[in-house]
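Student: Dropping the structure in here first, questions after.
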Amino acid sequence: MSMTEMNMPDTIRVMVAEDEPLIAWMLEDILSGMGLQVVGPFATVAEARSCVSSEPPELALLDVDLADGVVYPLADTLHAQQVPIIFHTGNTDKVDLKNRYGGAEVIPKPSNPKRLQIAVETARTLLKRA
């Protein structure tokens, strides 16, 4: 943990599951710039699921299509643990995701970084209230 993270009592762990390296780097940069601790990025569902078992995140930012398949098994686990989910994807039905994972935010790719920041800040505020 960095000194910045140690000095920020409201730092939360955000899991990033994204198999496109450039997008993963951009997401990591945005989230770190917001003072959040990034867990990942993970390119596969398998990698991300092993992390959830050992160190559950407080928020998840997920692409739907990862290198080893769709993210639904991971999202199901996170949803059951009441981890807020933000889907960042270019290949999905927004209504279906919102119905399947009540309360999930869906941000289509390509996305505006500001839109992503707003979604993360909204989730962060809800976590502080819980």
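Take 1 as the starting number for the sequence shown in full-length UniProt numbering and just add one per residue.
We put the beta carbon where it would ideally sit given N, CA and C, even for glycine.
Bear in mind the structure is a predicted one, so any value in this text is a computation, not a measurement.
1) Figure out for me which residue from E55, A67 and L59 has the closest Cα to the Cα of A104.
2) Exposed or buried, what is T122 when buried is set at 16 or more other beta-carbons lying within 10 Å of its beta-carbon?
3) What three-state label does DSSP hand L74 in the structure shown?
4) Since I believe E47 is in contact with V38 (beta carbons under 8 Å), could you give me their beta-carbon distance rounded to a whole number of angstroms?
5) According to the neighbour-count rule (16 or more other Cβ atoms, all chains shown, within 10 Å of its Cβ), is G40 buried or exposed?
6) What residues are listed by DSSP as bridge partners for D65?
7) Within 10 Å of its beta-carbon, does P57 have 16 or more other beta-carbons around it, so buried, or fewer, so exposed?
8) If you draw a straight line from the alpha carbon of V71 to that of L62, how long is it in whole angstroms?
9) Where does G102 sit, in a helix, a strand or coil, going by DSSP?
10) Straight-line CA distance for L66 to Q117?
11) Could you pull the start and end residues of the alpha helix (DSSP H) that M26 belongs to?
Tutor: In terms of the structure at hand:
1) Numbered from 1 along the sequence shown, position 104 holds the residue referred to as residue 104. Looking at the Cα atoms, L59 is the closest of the given residues.
2) Locating residue 122 in the sequence shown gives position 122, where the first residue counts as 1. T122 sits exposed, since fewer than 16 C-beta atoms from the chains shown fall within 10 Å of its C-beta.
3) If you number the sequence shown from 1, residue 74 lands on position 74. L74 falls in the helix class under three-state DSSP.
4) Taking the sequence shown and counting its residues from 1, one reaches residue 38 at position 38. Taking the sequence shown and counting its residues from 1, one reaches residue 47 at position 47. Not quite, the Cβ-Cβ distance comes to about 14 Å (not below 8 Å), so this is no contact.
5) For the purposes of this step, residue 40 is taken as the residue at position 40 of the sequence shown. Buried, by the Cβ-count rule.
6) In the sequence shown, residue 65 corresponds to position 65, counting from 1. For D65, which the question treats as bridged, DSSP gives the partners V70.
7) Working through the sequence shown from its first residue, we reach residue 57 at position 57. It is buried - the Cβ of P57 has at least 16 other Cβ atoms within 10 Å.
8) Your numbering for residue 71 matches position 71 in the sequence shown. Your numbering for residue 62 matches position 62 in the sequence shown. C-alpha separation (whole angstroms): 7 Å.
9) Residue mapping note: residue 102 aligns to position 102 of the sequence shown, counting from 1. DSSP places G102 in coil when its eight states are reduced to three.
10) As a working note, residue 66 is residue 66 in the sequence shown. As a working note, residue 117 is residue 117 in the sequence shown. Spanning the two alpha carbons is a distance of roughly 22 Å.
11) Position 26 of the sequence shown, counted from the first residue, corresponds to residue 26. For M26, the enclosing alpha helix (DSSP H) has its first and last residue at P21 to G33.
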